[in-house]
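Asks: Supplied in C-alpha coordinates, the structure appears directly below.
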Amino acid sequence: SQSACTPAQPIGIVHILGTNDFYAPYNGNQYSIATSVQNSFWAAVNQAQSVPTETSQGGGVTLFQWAEGPGCHTVAHYRIQNGDHGWPAFSQQALWSFFSNYTLAGTGIGPGCAPTNGGFRRGDVNGDGSLNISDAVSALIYLFDGGQVDCESAVDGNDDGSINLADAVSILAYLFSGSGTLPAPFPDCGTDSTADALDCLQYNGC
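Given below as C-alpha coordinates:
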(Lines of atoms letter the chains of each structure in order from A; the text may use other names.)
(Lines give C-alpha, C1' and ligand atoms only; values in the text may rest on other atoms or scores of the structure.)
Protein backbone atom coordinates (compact mmCIF):
# COMPACT_ATOMS: atom_id res chain seq x y z
CA SER A 450 0.00 0.00 0.00
CA GLN A 451 1.05 3.60 -0.47
CA SER A 452 1.00 4.21 3.29
CA ALA A 453 3.69 1.55 3.71
CA CYS A 454 5.98 3.30 1.21
CA THR A 455 8.35 5.63 3.06
CA PRO A 456 11.28 6.56 0.77
CA ALA A 457 14.46 7.55 2.58
CA GLN A 458 15.24 10.19 -0.04
CA PRO A 459 13.88 11.54 -3.35
CA ILE A 460 14.39 9.39 -6.44
CA GLY A 461 13.62 9.89 -10.12
CA ILE A 462 10.58 7.96 -11.33
CA VAL A 463 9.61 7.07 -14.90
CA HIS A 464 6.35 5.21 -15.51
CA ILE A 465 5.13 3.72 -18.81
CA LEU A 466 1.60 2.31 -18.83
CA GLY A 467 -1.19 1.54 -21.25
CA THR A 468 -4.73 2.58 -20.45
CA ASN A 469 -5.97 -0.97 -21.20
CA ASP A 470 -3.40 -2.78 -19.07
CA PHE A 471 -5.28 -5.67 -17.40
CA TYR A 472 -2.55 -6.45 -14.84
CA ALA A 473 -1.96 -2.87 -13.74
CA PRO A 474 -5.31 -1.09 -14.19
CA TYR A 475 -4.67 2.49 -15.23
CA ASN A 476 -7.36 3.90 -12.96
CA GLY A 477 -6.72 1.41 -10.17
CA ASN A 478 -9.09 -0.99 -8.44
CA GLN A 479 -9.51 -2.54 -5.01
CA TYR A 480 -6.10 -4.18 -5.36
CA SER A 481 -4.03 -1.44 -6.99
CA ILE A 482 -3.47 2.31 -6.85
CA ALA A 483 -4.56 4.58 -9.70
CA THR A 484 -1.78 5.90 -11.91
CA SER A 485 -2.63 9.52 -11.12
CA VAL A 486 -2.35 8.85 -7.38
CA GLN A 487 1.01 7.10 -7.81
CA ASN A 488 2.41 9.96 -9.85
CA SER A 489 1.20 12.59 -7.40
CA PHE A 490 2.76 10.64 -4.53
CA TRP A 491 6.21 10.53 -6.15
CA ALA A 492 6.01 14.15 -7.26
CA ALA A 493 5.45 15.09 -3.61
CA VAL A 494 8.33 12.86 -2.44
CA ASN A 495 10.63 14.53 -4.97
CA GLN A 496 9.38 18.02 -4.13
CA ALA A 497 8.58 18.38 -7.82
CA GLN A 498 5.87 20.60 -9.29
CA SER A 499 2.38 19.32 -8.46
CA VAL A 500 0.98 19.93 -11.96
CA PRO A 501 2.66 18.17 -14.90
CA THR A 502 3.24 19.36 -18.42
CA GLU A 503 1.64 17.29 -21.19
CA THR A 504 3.40 16.58 -24.48
CA SER A 505 2.01 14.44 -27.28
CA GLN A 506 4.57 11.92 -28.52
CA GLY A 507 2.40 10.73 -31.39
CA GLY A 508 0.82 7.33 -31.85
CA GLY A 509 -1.51 7.79 -28.90
CA VAL A 510 1.35 8.36 -26.45
CA THR A 511 1.32 11.35 -24.08
CA LEU A 512 4.25 12.28 -21.86
CA PHE A 513 3.43 13.86 -18.49
CA GLN A 514 6.38 15.49 -16.72
CA TRP A 515 6.49 16.93 -13.22
CA ALA A 516 9.20 19.61 -13.13
CA GLU A 517 12.17 18.58 -11.01
CA GLY A 518 12.59 19.36 -7.35
CA PRO A 519 15.71 20.81 -5.66
CA GLY A 520 17.80 17.66 -6.14
CA CYS A 521 16.93 17.32 -9.86
CA HIS A 522 14.51 14.47 -9.13
CA THR A 523 11.50 14.44 -11.39
CA VAL A 524 8.61 12.18 -12.36
CA ALA A 525 7.82 11.21 -15.95
CA HIS A 526 4.78 9.23 -17.05
CA TYR A 527 4.09 7.91 -20.55
CA ARG A 528 0.38 7.21 -21.08
CA ILE A 529 -0.30 4.84 -23.98
CA GLN A 530 -3.88 5.27 -25.12
CA ASN A 531 -5.48 1.81 -25.53
CA GLY A 532 -2.14 0.19 -24.76
CA ASP A 533 -1.96 -3.17 -23.01
CA HIS A 534 0.64 -4.82 -20.75
CA GLY A 535 3.37 -5.22 -23.40
CA TRP A 536 6.56 -3.18 -23.73
CA PRO A 537 6.11 -0.38 -26.29
CA ALA A 538 8.69 0.04 -29.03
CA PHE A 539 9.88 3.40 -27.70
CA SER A 540 10.49 2.19 -24.13
CA GLN A 541 14.24 1.56 -24.42
CA GLN A 542 14.94 5.05 -25.74
CA ALA A 543 12.57 6.66 -23.22
CA LEU A 544 14.12 4.85 -20.27
CA TRP A 545 17.68 5.72 -21.27
CA SER A 546 16.73 9.35 -21.90
CA PHE A 547 15.41 9.50 -18.34
CA PHE A 548 17.92 7.43 -16.36
CA SER A 549 21.00 8.89 -18.05
CA ASN A 550 20.31 12.04 -16.01
CA TYR A 551 21.05 10.16 -12.76
CA THR A 552 23.89 8.29 -11.11
CA LEU A 553 23.58 4.60 -10.26
CA ALA A 554 22.64 5.69 -6.75
CA GLY A 555 19.73 7.70 -8.13
CA THR A 556 21.00 11.24 -7.65
CA GLY A 557 20.82 13.86 -10.37
CA ILE A 558 23.87 14.66 -12.50
CA GLY A 559 24.78 18.29 -13.10
CA PRO A 560 25.98 21.43 -11.30
CA GLY A 561 22.43 22.35 -10.33
CA CYS A 562 21.71 18.98 -8.77
CA ALA A 563 22.66 19.76 -5.21
CA PRO A 564 22.12 17.34 -2.35
CA THR A 565 18.69 17.96 -0.86
CA ASN A 566 19.91 17.69 2.74
CA GLY A 567 21.72 21.04 2.98
CA GLY A 568 25.03 20.19 1.34
CA PHE A 569 28.22 18.65 2.70
CA ARG A 570 31.74 19.47 3.88
CA ARG A 571 34.56 18.19 1.65
CA GLY A 572 36.87 15.73 3.36
CA ASP A 573 34.42 14.87 6.13
CA VAL A 574 34.13 11.28 4.91
CA ASN A 575 32.43 9.88 7.99
CA GLY A 576 29.98 12.79 8.20
CA ASP A 577 30.60 13.64 11.85
CA GLY A 578 30.94 17.37 11.19
CA SER A 579 34.72 17.62 11.66
CA LEU A 580 37.83 16.80 9.63
CA ASN A 581 40.41 14.54 11.26
CA ILE A 582 42.47 11.40 10.75
CA SER A 583 39.39 9.19 10.94
CA ASP A 584 38.17 10.71 7.67
CA ALA A 585 41.33 9.71 5.82
CA VAL A 586 41.05 6.23 7.32
CA SER A 587 37.40 6.03 6.24
CA ALA A 588 38.38 7.01 2.70
CA LEU A 589 41.02 4.27 2.59
CA ILE A 590 38.58 1.69 3.93
CA TYR A 591 36.08 2.74 1.27
CA LEU A 592 38.72 2.35 -1.44
CA PHE A 593 40.40 -0.86 -0.39
CA ASP A 594 38.18 -2.76 2.03
CA GLY A 595 34.64 -2.37 0.71
CA GLY A 596 33.61 0.30 3.18
CA GLN A 597 30.40 2.27 2.73
CA VAL A 598 29.94 6.04 2.57
CA ASP A 599 26.74 8.06 2.27
CA CYS A 600 28.31 11.07 0.54
CA GLU A 601 30.83 10.26 -2.20
CA SER A 602 31.34 13.97 -2.88
CA ALA A 603 32.79 14.38 0.62
CA VAL A 604 35.33 11.62 -0.10
CA ASP A 605 36.54 13.47 -3.22
CA GLY A 606 39.16 15.43 -1.32
CA ASN A 607 40.79 17.01 -4.37
CA ASP A 608 37.52 17.62 -6.28
CA ASP A 609 38.63 15.87 -9.46
CA GLY A 610 35.32 14.07 -9.86
CA SER A 611 36.64 10.62 -8.97
CA ILE A 612 37.54 8.75 -5.80
CA ASN A 613 41.06 7.33 -5.52
CA LEU A 614 44.14 7.32 -3.30
CA ALA A 615 44.84 10.96 -4.12
CA ASP A 616 41.77 11.96 -2.11
CA ALA A 617 43.03 10.37 1.10
CA VAL A 618 46.43 11.96 0.44
CA SER A 619 44.77 15.38 0.02
CA ILE A 620 43.00 15.01 3.36
CA LEU A 621 46.19 13.88 5.12
CA ALA A 622 48.20 16.70 3.53
CA TYR A 623 45.72 19.25 4.82
CA LEU A 624 45.79 17.75 8.31
CA PHE A 625 49.55 17.30 8.74
CA SER A 626 51.53 19.37 6.26
CA GLY A 627 49.74 22.72 6.32
CA SER A 628 49.03 22.47 2.60
CA GLY A 629 46.40 25.18 2.60
CA THR A 630 42.79 24.16 2.25
CA LEU A 631 40.56 21.68 0.48
CA PRO A 632 38.37 22.69 -2.46
CA ALA A 633 34.93 24.11 -1.68
CA PRO A 634 32.68 23.32 0.01
CA PHE A 635 35.21 23.68 2.83
CA PRO A 636 35.55 24.57 5.66
CA ASP A 637 31.85 25.48 5.64
CA CYS A 638 29.05 23.30 4.33
CA GLY A 639 27.80 23.89 0.83
CA THR A 640 27.09 22.25 -2.49
CA ASP A 641 29.49 20.97 -5.14
CA SER A 642 29.79 23.45 -7.99
CA THR A 643 31.80 20.94 -10.04
CA ALA A 644 29.67 18.72 -12.28
CA ASP A 645 30.52 15.03 -11.82
CA ALA A 646 28.87 11.64 -11.35
CA LEU A 647 29.52 11.39 -7.61
CA ASP A 648 26.51 11.35 -5.34
CA CYS A 649 25.67 12.53 -1.84
CA LEU A 650 22.71 10.52 -0.62
CA GLN A 651 22.99 11.66 2.97
CA TYR A 652 25.23 13.95 5.00
CA ASN A 653 24.50 14.77 8.62
CA GLY A 654 27.51 16.95 9.40
CA CYS A 655 25.97 20.32 8.50
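In my numbering, the protein residues as written are 450 to 655. Cβ atoms here follow ideal geometry from the backbone N, Cα and C, with glycine treated the same way.
1) Who are the near neighbours of ASN476 in its chain, counting only those whose CB is closer than 6 Å to its CB and skipping five residues on each side?
2) Compute the distance between the beta-carbons of GLN487 and GLY518, then report whether it is under 8 Å.
3) Is the beta carbon of ARG528 closer than 8 Å to that of CYS655?
4) For THR511, which three-state DSSP category applies?
5) Are the Cβ atoms of ASN478 and ASN531 separated by less than 8 Å?
6) How is the alpha helix (DSSP H) around ILE590 delimited, first residue to last?
7) Can you tell me whether THR565 is helix, strand or coil according to DSSP?
8) Let me make sure I understand the geometry here. Which of VAL586, PHE625, GLY572 and ILE590 has the alpha-carbon closest to that of CYS649?
9) For the alpha helix (DSSP H) containing VAL524, name the first residue and the last one.
10) In three-state terms, what does DSSP make of LEU624?
11) On the three-state DSSP scale, how would you describe VAL598?
12) Between ALA525, SER485 and LEU589, which has its C-alpha nearest SER619's C-alpha?
13) Can you say whether LEU585 is buried or exposed, counting buried as having 16 or more other CB atoms within 10 angstroms of its CB?
14) Can you round the beta-carbon distance between ALA538 and ILE465 to whole angstroms, since I take them to be within the 8 Å contact cut?
15) Give the secondary structure of THR502 by DSSP, where H, G and I count as helix, E and B as strand, and everything else as coil.
Replies: This is what the structure gives:
1) Here residue 476 refers to the residue found at position 27 when the sequence shown is read from its first residue. Excluding positions up to five away in sequence, the list reads ALA483.
2) Indexing the sequence shown from 1 puts residue 487 at position 38. Indexing the sequence shown from 1 puts residue 518 at position 69. 8 Å or more divides the Cβ of GLN487 from the Cβ of GLY518.
3) To locate residue 655, count along the sequence shown from 1; it is residue 206. To locate residue 528, count along the sequence shown from 1; it is residue 79. Contact flag unset, no.
4) On the sequence shown, position 62 is the one that residue 511 refers to. Reduced to three states, the DSSP call for THR511 is strand.
5) Reading the sequence shown from its first residue, position 29 is the one you call residue 478. Reading the sequence shown from its first residue, position 82 is the one you call residue 531. A distance of 8 Å or more separates the beta carbons of ASN478 and ASN531.
6) Counted from its first residue, the sequence shown places residue 590 at position 141. Segment 582–593, the alpha helix (DSSP H) holding ILE590.
7) In the sequence shown, residue 565 corresponds to position 116, counting from 1. Any reading at THR565 must be qualified, since the residue scores a pLDDT of 46, below 50, and its modelled position is unreliable; the value itself is stated next. It is coil, neither helix nor strand.
8) Taking the sequence shown and counting its residues from 1, the one referred to as residue 649 is at position 200. That would be GLY572, whose Cα lies nearest to the Cα of CYS649.
9) Translated into positions along the sequence shown, residue 524 becomes position 75. Element bounds for VAL524: not the alpha helix (DSSP H) but the beta strand (DSSP E), 524–529.
10) The residue given as residue 624 occupies position 175 in the sequence shown. For LEU624, the three-state secondary structure derived from DSSP is helix.
11) Translated into the one-based positions of the sequence shown, residue 598 becomes position 149. VAL598 sits in coil when the DSSP states are folded into three classes, being neither helix nor strand.
12) Your numbering for residue 619 matches position 170 in the sequence shown. Measuring from the Cα of SER619, the nearest candidate turns out to be LEU589.
13) Within the sequence shown, residue 585 is the residue found at index 136, counting from 1. For clarity, residue 585 is Ala in the given sequence; the question names Leu instead. The residue is buried, with at least 16 neighbouring Cβ atoms inside 10 Å.
14) Here residue 538 is taken as the residue at index 89 of the sequence shown, counted from 1. Here residue 465 is taken as the residue at index 16 of the sequence shown, counted from 1. Between ALA538 and ILE465, the beta carbon gap of about 11 Å keeps them out of contact (Cβ cut-off 8 Å).
15) Taking the sequence shown and counting its residues from 1, the one referred to as residue 502 is at position 53. In this structure, DSSP gives THR502 an extended state, which the three-state scheme calls strand.
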